[in-house]
Amino acid sequence: MFTKLLIANRGEIAVRIIRACKEMGIRTVAVYSKADAESIHVALADEAICIGEAAAKDSYLNQERIISAAIASKAQAIHPGYGFLAENASFAKLCKKYGIAFVGPSGELIDRMGDKDAARRLMKASGVPIIPGSGILENVDEAKKAAKEIGYPVMLKASAGGGGKGIRLVKTEDELEQAFKTASSEAQQAFGDGRMYMEKYIYPAKHIEVQLLCDEQGHVVCLGERECSIQRNNQKLIEESPSPGVTKEKRAELFEAATKAAKAVGYVNAGTVEFLMDRDKNFYFMEMNTRLQVEHPVSELVTGKDIVKWQIRIAAGVELDCTQADIKVRGAAIECRINAEDPRHNFRPCPGKIKSLHVPGGFGVRIDSAVYAGYQIPPYYDSMIAKLLVKAPTRDEAIKKMRVALSEFIIEGVETNIDFQLCLLKDEDFEAGNFDIGFLNRKNVMGE
87 MFTKLLIANR
97 GEIAVRIIRA
107 CKEMGIRTVA
117 VYSKADAESI
127 HVALADEAIC
137 IGEAAAKDSY
147 LNQERIISAA
157 IASKAQAIHP
167 GYGFLAENAS
177 FAKLCKKYGI
187 AFVGPSGELI
197 DRMGDKDAAR
207 RLMKASGVPI
217 IPGSGILENV
227 DEAKKAAKEI
237 GYPVMLKASA
247 GGGGKGIRLV
257 KTEDELEQAF
267 KTASSEAQQA
277 FGDGRMYMEK
287 YIYPAKHIEV
297 QLLCDEQGHV
307 VCLGERECSI
317 QRNNQKLIEE
327 SPSPGVTKEK
337 RAELFEAATK
347 AAKAVGYVNA
357 GTVEFLMDRD
367 KNFYFMEMNT
377 RLQVEHPVSE
387 LVTGKDIVKW
397 QIRIAAGVEL
407 DCTQADIKVR
417 GAAIECRINA
427 EDPRHNFRPC
437 PGKIKSLHVP
447 GGFGVRIDSA
457 VYAGYQIPPY
467 YDSMIAKLLV
477 KAPTRDEAIK
487 KMRVALSEFI
497 IEGVETNIDF
507 QLCLLKDEDF
517 EAGNFDIGFL
527 NRKNVMGE
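If you're matching positions, the sequence shown starts at 87 in the numbering used here and goes up one per residue.
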């Protein structure tokens, strides 16, 4: 097992990883930008190294500086968290080059699954259902031809995409040319790869994902499924496990497909297979996330498995201590992402100083965060400042518990989406499980 690990991230996920390491007896090294000098993850780590200016490209995305920090501190492993370099194949390969364990899959595997077109072809060959679609589209004319064959509406997607970038819904041929150009340009700027492909638009659809743990010895276990259909602009807001829209029989099929996907690529470490499920409960492979997910705690709460600890163990070559038969999903868990943003003004980010803070507590309540009273939220990074989670014996009880927790969560000094989340949790359709990925596009949950 490692004795020292560097966390190549910031905020709540850096704190989450540091806590897991402390419990495992592993010393930690934090890296931080100048904007994060007063952050909690810097104070909690055993060592901390400044790696640059506030801009992510000068700090958290600067591979050479992070590697230099690892070498200087004699860290044996690097955990990338999520975002930043978590799915960067070149960074994983750079770690390997310098003899530092990357807590995640290999760079070669990240490359393989990061190419969404290649991943689709591999899944199809492995017997995993995929959405009807095209291969790589070289130009608008090819896109028009593919759309006619598939049938409108269609989704244009970036082959190297993620995080909702490089995606466009196209309902008619008149919209296609502009959508292709803007999506490709967005993908080129975000990922350095503007290649596009096309899929049939599945609507209405639920976004269901399966959490996996895979060790070097070839064992695969599914830690339940997560319901992630409550989204705004392709960004998740609320996640829960188990999904209210998945039957016991369909769950078994999802697990079988996710396991096939993992074994087809020889996956190692924690990963997530994402599916779209239509109104008839047919499901289709969407993509595989080769990293820790923001919403991983809901799976931890219902299975009792610490995913971050197992990521570290697997990276050190440790074999899983359980089989699929040992995994039991107990109760229901819900996560709300608390963002520093203003829902009444198109969810614009609201960086600033937190003047006072009161966090909820009680049995079955969990907060993953890195903010405190007096903390200055910087404008340079993602607006998420906390994850509020609850667990209860049933989904109805979990919803009630989350409503109480949200009403107790007080952050003064900056605008947040807490009231918006509370309105969502009080919505009759949400309570009934009657929602899909277009839910927030159709409904004004705040009634304004």
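Note that beta-carbon positions come from the ideal geometry of N, C-alpha and C, so glycine has one too.
As the structure is a prediction and not an experimental result, all values here were calculated from the model.
Rounded separation between residue i and residue j - CA only
i	j	result
LEU171	ILE126	21 Å
ALA178	VAL351	17 Å
SER329	THR409	22 Å
MET209	ALA347	6 Å
ILE496	VAL445	7 Å
ASP454	LYS334	30 Å
GLY200	GLU194	10 Å
PHE88	VAL117	18 Å
ASN530	GLU483	24 Å
GLU313	ALA291	11 Å
VAL457	ALA472	8 Å
SER315	TYR287	15 Å
SER385	ALA141	32 Å
LEU323	PRO465	20 Å
VAL500	TYR289	36 Å
GLY190	CYS136	24 Å
ALA100	ARG281	32 Å
VAL332	LYS349	23 Å
ASP301	ILE164	18 Å
ARG96	ASP428	23 Å
GLY448	GLU421	16 Å
MET532	ALA232	40 Å
LYS120	ASN225	43 Å
PHE341	GLN462	42 Å
ILE424	ARG528	22 Å
Which of helix, strand or coil DSSP assigns to residue i
i	result
ASN375	strand
PHE525	helix
ILE50	Since the first residue shown for the chain is 87 and the last is 534, residue 50 is missing from the structure and cannot be characterised.
PRO437	coil
ALA123	coil
LEU340	helix
GLU405	coil
MET488	helix
PHE369	strand
ILE216	strand
GLY193	helix
LYS243	strand
ALA478	strand
GLN274	helix
LYS257	coil
GLN264	helix
ILE463	strand
LYS231	helix
VAL332	coil
VAL531	coil
LYS395	helix
LYS414	coil
Host alpha helix (DSSP H) of residue i (start-end)
i	result
PHE361	Careful: PHE361 lies outside any alpha helix (DSSP H), inside the beta strand (DSSP E) at 355–364.
SER119	That residue, SER119, is in no alpha helix (DSSP H); its beta strand (DSSP E) goes 113–119.
LEU208	202–211
LEU180	175–183
GLU150	149–159
CB contact flag (residue i, residue j, <8 Å)
i	j	result
GLU295	GLU360	yes
LYS243	GLY237	no
GLY357	MET374	yes
ALA419	SER442	no
LEU180	ILE398	no
VAL306	THR345	yes
SER159	GLU133	yes
VAL476	GLY450	yes
THR376	LEU309	no
TYR283	GLY213	no
Beta bridge counterpart(s) of residue i as assigned by DSSP
i	result
TYR289	DSSP, once it has assigned bridges, lists no residue as partnering TYR289.
PHE188	ILE164
ASN425	MET470
HIS444	ILE496
CYS136	TYR118
TYR76	Lying before the first or after the last residue shown, residue 76 is absent from the chain, which here runs from 87 to 534.
GLN317	LYS322
SER327	ALA419
TYR283	LYS243
GLU311	VAL296
ILE93	ALA116, HIS165
LYS143	In the DSSP output, where bridge partners are listed per residue, LYS143 has none listed.
LEU223	MET282
The beta strand (DSSP E) enclosing residue i, as first and last residue numbers
i	result
ASP515	Counting along the chain, ASP515 falls outside any beta strand (DSSP E), though it belongs to the alpha helix (DSSP H) covering 514–518.
VAL384	First-last for VAL384: 382–389, but that is the alpha helix (DSSP H), not the beta strand (DSSP E).
ILE453	451–455
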